[in-house]
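Undergrad: Submitted below is the structure of interest, expressed as structure tokens.
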Amino acid sequence: MLRQANALLSIRADRPGLHEFTDKVVDFVANSGIREGLLTLFCRHTSASLLIQENAAPAARRDLETYFARIAPENGSYEHDDEGPDDMPAHLRSALTHTQLSIPVQASKAVLGTWQGIFLFEHRRNTPEREIALHLVGE
Amino acid sequence: MLRQANALLSIRADRPGLHEFTDKVVDFVANSGIREGLLTLFCRHTSASLLIQENAAPAARRDLETYFARIAPENGSYEHDDEGPDDMPAHLRSALTHTQLSIPVQASKAVLGTWQGIFLFEHRRNTPEREIALHLVGE
Amino acid sequence: MLRQANALLSIRADRPGLHEFTDKVVDFVANSGIREGLLTLFCRHTSASLLIQENAAPAARRDLETYFARIAPENGSYEHDDEGPDDMPAHLRSALTHTQLSIPVQASKAVLGTWQGIFLFEHRRNTPEREIALHLVGE
């Protein structure tokens with residue numbers, strides 16, 4: 001018989017960039033009692049996003065941050081700048097990455113590959129905690 | 140006991156760019172009778188896409204449209220131009236954004252953040268209605 | 279009564295670029311016995327990704343490959359280059375496209391549009407087989 005589990009994660013990023021929270025997701029799945037199913041993560045913000053990426057090499061993480069800072073730069077002469085120069089590039093970098101991720105679950109674990117980690121991609125400075133809604137359906 | 144609901148939305152965009160249809164999605168979820176679950180939106184096209192973005196500031200919407208017009212421009216000397224200069228950039232802008240979005244549902248509402256709206260991102264001119272398939276599983 | 283089905287696809291890409299595998303997905307859904315539900319595909323790698331795109335025009339496919347080679351180029355002076363010049367651009371191109379796709383299923387078929395195909399986007403040279411996890415929940 002299929003059933004569901006939900007949680008709301010709060011993640012504080014102390015600086016812009018990629019912040020891994022795979023361990024929090026692993027705990028949620030393990031504690032849900034659901035062994036096989038579909039896990040969904042949803043970021044409730046438009047200036048932060050989600051990314052599954054290489055979790056072993058810090059240099060890869062830095063290159064990713066540098067890349068998105070370059071293709072959606074702060075000095076992009078945007079019309080929307082009410083909240084400062086990091087406001088509009090944050091929306092662009094969110095649009096280019098992901099608001100939501102779904103991952104199958106098998107044997108009580110998300111089926112991530114060996115080198116895959118789940119990251120919050122914080123695009124703004126001095127933000128409060130970010131909310132990630134978790135949903136799991138399965139049995 | 141879990142069950143499912145489905146619908147097919149038709150959305151006509153009178154011009155290229157972002158068109159919010161959050162209200163149609165809210166209605167579908169409210170009328171489904173499913174209070175807790177997972178909602179999925181799927182765009183049945185390769186030259187239009189989906190985006191969850193800031194729904195309060197029209198300037199942010201315009202900046203997003205300008206940005207994607209710049210990074211995947213019409214004058215990009217593409218090999219594929221059978222259907223005109225807005226054909227290939229439409230595929231590129233779709234690839235860079237989203238064909239599909241899933242959002243957890245709680246208390247009969249998608250758990251969107253305060254400033255999040257759901258948008259059709261129309262990348263072509265003079266298109267017919269676009270079809271968005273909706274699926275909801277829950278209880 | 280809802281139930282689930284799972285599979286693990288192995289796909290070998292003989293060269294970097296887009297490789298359609300819609301037929302393998304069609305077979306999985308048809309053989310699952312599930313007629314209505316939600317299908318999820320998950321790529322277990324950070325240097326290959328998924329894309330739903332135009333499946334009729336080979337020129338559109340080539341333009342997509344050329345575009346991503348240009349916006350995330352091999353000669354991008356990356357810090358992370360342990361595995362060669364195609365390593366870091368592979369992560370960037372994966373981040374810009376999709377690790378996961380979900381598609382509603384109706385009448386035993388994913389509700390793809392007429393011109394939509396499902397592609398593995400291989401970003402590296404000389405890779406082993408890639409693993410795509412499939413999950414289907416429905417009835």
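Line by line, the protein sequences are chains A, B and C.
The first sequence begins at 1 in this note's numbering and counts up by one.
The second sequence begins at 140 in this note's numbering and counts up by one.
The third sequence begins at 279 in this note's numbering and counts up by one.
Glycine residues also receive a C-beta, built at the ideal position from the N, C-alpha and C atoms.
(1) Using the Cα positions of residue 265 of chain B and residue 32 of chain A, report the straight-line distance between them to the nearest angstrom.
(2) Using beta carbons (cut-off 7 angstroms, strictly below), is residue 205 of chain B in contact with chain C?
(3) Please name the residues in the stretch 169–182 of chain B whose beta-carbon is closer than 7 angstroms to at least one beta-carbon of chain C, in chain order.
(4) Could one say the Cβ of residue 133 of chain A lies closer than 7 angstroms to chain B's Cβ atoms, at least one of them?
(5) Check the Cβ of residue 104 of chain A against every Cβ in chain C and list those closer than 7 angstroms, keeping chain order.
(6) Using C-beta distances below 8 angstroms, list every residue in its chain close to residue 353 of chain C, excluding the 5 sequence neighbours before and after it, in chain order.
(7) Give me the residue from B:164, B:256, B:199, B:185 with the minimum Cα distance to residue 177 of chain B.
(8) Could you tell me whether the Cβ atoms of residue 186 of chain B and residue 268 of chain B are closer together than 7 angstroms?
(9) Buried or exposed for residue 420 of chain C, please, with buried defined as at least 16 other CB atoms from any protein chain shown within 10 angstroms of its CB.
(10) Less than 7 angstroms between the beta carbons of residue 199 of chain B and residue 98 of chain A, yes or no?
(11) Counting only the same chain and skipping the five closest in sequence on each side, list residues whose C-beta sits under 6 angstroms from that of residue 271 of chain B.
(12) Please list the partners that residue 341 of chain C has in chain B, where partner means a Cβ-to-Cβ separation under 7 angstroms.
(13) Is the beta carbon of residue 219 of chain B closer than 7 angstroms to that of residue 334 of chain C?
(14) For residue 144 of chain B versus residue 275 of chain B, is the C-beta distance shorter than 7 angstroms?
(15) One question on the structure: do residue 202 of chain B and residue 88 of chain A come within less than 7 angstroms of each other, judged by their Cβ atoms?
(16) Excluding the 5 residues preceding and the 5 following residue 53 of chain A in the sequence, name in chain order all residues of the same chain whose CB lies nearer than 8 angstroms to its CB.
(17) Find the nearest neighbour of residue 166 of chain B within the set B:248, B:154, B:240, B:190, judged by alpha-carbon distance.
(18) Decide if residue 361 of chain C is buried, meaning its Cβ has at least 16 other Cβ atoms within 10 Å, or exposed.
(19) Can you round the beta-carbon distance between residue 173 of chain B and residue 277 of chain B to whole angstroms, since I take them to be within the 8 angstroms contact cut?
(20) Taking 7 angstroms as the threshold (beta carbon to beta carbon), is residue 280 of chain C in contact with chain A?
(21) Taking the C-alpha atoms as reference points, what is the distance between residue 14 of chain A and residue 399 of chain C?
(22) Could you give the first and the last residue of the continuous beta strand (DSSP E) run that contains residue 114 of chain A?
(23) How is residue 5 of chain A classed by DSSP in three states: helix, strand or coil?
TA: With the given structure in hand:
(1) 48 angstroms
(2) no
(3) 179, 181
(4) yes
(5) 284, 318, 320, 411, 413
(6) 363
(7) B:164
(8) no
(9) Given a span of 279 to 417 for chain C in the structure shown, any question on residue 420 of chain C remains unanswerable.
(10) no
(11) 148, 180, 182
(12) Residues of chain B with a Cβ closer than 7 angstroms to the Cβ of residue 341 of chain C are, in chain order, 217, 218, 219, 227.
(13) Not closer than 7 angstroms, so no.
(14) yes
(15) yes
(16) 18, 60, 61, 64, 116, 117, 119.
(17) B:248
(18) exposed
(19) 4 angstroms
(20) For residue 280 of chain C, the closest Cβ of chain A is nearer than 7 angstroms.
(21) 34 angstroms
(22) Premise fails: residue 114 of chain A is in no beta strand (DSSP E) and is neither H nor E.
(23) For residue 5 of chain A, the secondary structure class from DSSP, reduced to helix, strand or coil, is strand.
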